[in-house]
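Protein chains in written order, with my numbering: chain P, 92 to 203; chain F, 63 to 518.
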């Protein structure tokens with residue numbers, strides 16, 4: 092199942108002028124567990140998708156919020172020459188297509 | 063004091079909701095606070111000293127907040143005045159507040175706290191090795207400080223507490239930690255720092271911590287072993303998940319937040335519902351810092367910009383766009399060399415193309431650059447040391463954009479559809495953020511200047 096179909100919200104935003112942060116949020120525990128336990132959302136996966144060293148990626152599992160979060164340094168600081176997204180709000184799109192395998196017999200309802 | 067209550071009214075200039083504020087007032091708050099700034103607006107506001115919200119909107123919100131505070135007999139705190147919290151923006155907001163009080167025929171004891179930093183002071187701190195880089199910080203030297211148009215220090219709770227100790231009606235602060243605005247009085251009244259900072263973090267963006275989107279204000283009941291948070295506003299409610307999730311928003315790390323005086327640690331915090339709209343939070347912690355630090359924000363002039371907006375529909379051009387743009391750039395550079403070569407070199411200007419429909423939004427992060435769109439939008443940017451030079455370069459760029467040929471067509475072509483006449487738009491000054499550093503001051507107050515005045 093695509094991550095976009097499991098999550099209720101996938102978003103990106105500036106975390107200050109020098110970082111981008113990404114939130115992947117779920118409405119209930121089942122899809123959250125499925126995604127976290129798949130171990131597919133790792134530093135390495137995000138580093139590859141966002142073309143930065145894995146050592147610069149910070150990943151967080153936020154159980155009480157049912158959310159997965161990661162942050163990376165901005166390739167260009169906010170508003171500097173060449174930056175095309177002042178608020179960093181449109182950088183999440185490549186995450187939507189990440190395929191999360193659903194084990195056979197497990198009934199997962201789409202998040203949205 | 064067993065319980066301290068306050069209203070957090072999101073953002074001055076974004077439209078504070080009168081009905082929600084009136085409703086929240088019935089719960090007897092001890093203060094009302096509202097943030098007025100953000101770096102999210104970009105470097106322009108700090109660089110230029112201009113606010114990102116219109117004067118009319120700021121006046122309307124400020125009038126409502128001051129009137130509500132006066133009615134309740136409690137202080138009103140405004141932080142990061144005028145978007146970037148520079149001195150000019152604090153004074154601009156003070157001017158609006160003076161107009162409001164005069165029109166209302168009231169007087170307010172006001173503490174004005176300036177947060178802009180003296181360059182000589184910062185250079186001295188740099189020499190003493192008291193300026194430290196944060197993660198992903200650009201390089202800094204004395205020249206960085208000298209060429210900045212403005213540098214502000216982000217005040218912690220201490221300057222606000224000094225102002226509140228003077229028993230004022232209104233605290234108008236320059237650049238200020240959003241959370242400090244809401245945590246200053248609670249910490250002053252000996253409430254646990256972990257809970258005080260965490261509650262502040264939850265409400266710093268107003269009703270964004272709610273499950274649903276809508277207009278309203280946030281209300282906090284802070285006690286010695288927990289805090290309760292709820293919204294006032296039509297259709298709004300907080301849930302344990304929405305409160306926990308808000309700590310993700312615009313933060314690198316959702317569990318640890320650095321303040322001037324230490325680190326807020328909410329990794330062990332627990333959230334439980336109280337009623338349909340209220341959440342109870344416990345177990346938030348605070349670790350005092352060994353060394354007090356003040357974050358700096360600086361902006362410097364990049365140059366002046368002139369742009370041309372247009373598009374391309376010809377599939378022959380689109381399928382070789384990189385190559386074509388390289389040709390266009392070559393022709394532009396030839397023109398610049400021919401007409402301006404005696405005055406400027408390649409280091410004096412910057413030209414670039416943002417290709418909408420392909421990778422303008424994600425730039426180097428775009429994973430799918432190969433797929434060819436039906437049409438592309440192009441924003442051409444010329445940046446130079448003066449507006450006149452940027453515009454001259456843009457004017458010299460129009461012909462290459464229109465008429466750079468491709469091999470597929472014989473004869474003269476016009477490959478670029480200009481949106482406007484004249485084709486170029488002068489954008490004015492362009493700034494960049496140039497600091498992501500902290501100062502280690504000798505005292506929490508030495509970087510901030512407080513003035514007590516009566517306005518009205």
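For glycine and all other residues, C-beta sits at the position ideal for the given N, C-alpha and C.
| Asked | Found |
| --- | --- |
| Interface residues of chain F facing residue 149 (chain P) [CB-CB closer than 8 angstroms] | 314, 315 |
| Alpha helix (DSSP H) runs wholly inside the stretch 87-125 of chain F, at least 4 long, in chain order | 105-110 |
| Simplified DSSP assignment, three categories, for residue 175 (chain F) | strand |
| Sequence ranges, alpha helix (DSSP H) only - wholly within the stretch 240-313 of chain F, length at least 4 | 240-250, 255-265, 302-308 |
| CB of residue 261 (chain F) within 7 angstroms of CB of residue 233 (chain F), strictly | no |
| Bounding residues of the alpha helix (DSSP H) (the contiguous stretch that carries residue 121 (chain P)) | 120-129 |
| Chain F within 7 angstroms of residue 119 (chain P), Cβ atoms only | no |
| Rounded C-alpha distance that separates residue 251 (chain F) from residue 264 (chain F) | 20 angstroms |
| Straight-line Cα distance separating residue 310 (chain F) from residue 278 (chain F) | 21 angstroms |
| Proximal chain P residues relative to residue 122 (chain F), where beta-carbon distance stays under 7 angstroms | Ordered by position in chain P, no residue passes the 7 angstroms Cβ test against residue 122 (chain F), which lies about 24 angstroms from the chain. |
| From F:110, F:269, F:177, residue whose alpha carbon lies closest to that of residue 96 (chain F) | F:269 |
| Interface positions of the stretch 418-430 of chain F facing chain P (Cβ-Cβ less than 7 angstroms), listed along the chain | 422, 423, 424, 425, 426, 427, 429 |
| Contained beta strand (DSSP E) runs [length at least 3] in the stretch 387-430 of chain F, N- to C-terminal order | 411-418 |
| Cβ-based contacts, 8 angstroms cut-off: residues of the stretch 148-168 of chain P near chain F | 149, 151, 153, 155, 156, 157, 158, 160, 162, 164, 165, 166, 167, 168 |
| Through-space distance from residue 98 (chain F) to residue 84 (chain F), alpha-carbon basis | 20 angstroms |
| Secondary structure of residue 82 (chain F), DSSP reduced to three states | helix |
| Straight-line Cα distance separating residue 221 (chain F) from residue 273 (chain F) | 34 angstroms |
| Within-7 angstroms CB hit, residue 123 (chain P) to chain F | no |
| Contacts that residue 177 (chain P) makes with chain F (C-beta to C-beta distance below 7 angstroms) | 104 |
| Classification of residue 116 (chain P) by the beta-carbon crowding that lies within 10 angstroms, buried from 16 upward | buried |
| Neighbour-count burial assignment, residue 197 (chain P), 16 or more Cβ in a 10 Å radius | exposed |
| Proximity below 7 angstroms, CB of residue 479 (chain F) to CB of residue 372 (chain F) | yes |
| Beta carbon proximity, residue 319 (chain F) to chain P, threshold 7 angstroms | no |
| Three-state secondary structure (DSSP) of residue 182 (chain F) | helix |
| Rounded straight-line distance, which links the Cα of residue 164 (chain P) to that of residue 155 (chain P) | 25 angstroms |
| Among F:358, F:493, F:93, the one whose alpha carbon lies nearest that of residue 136 (chain F) | F:93 |
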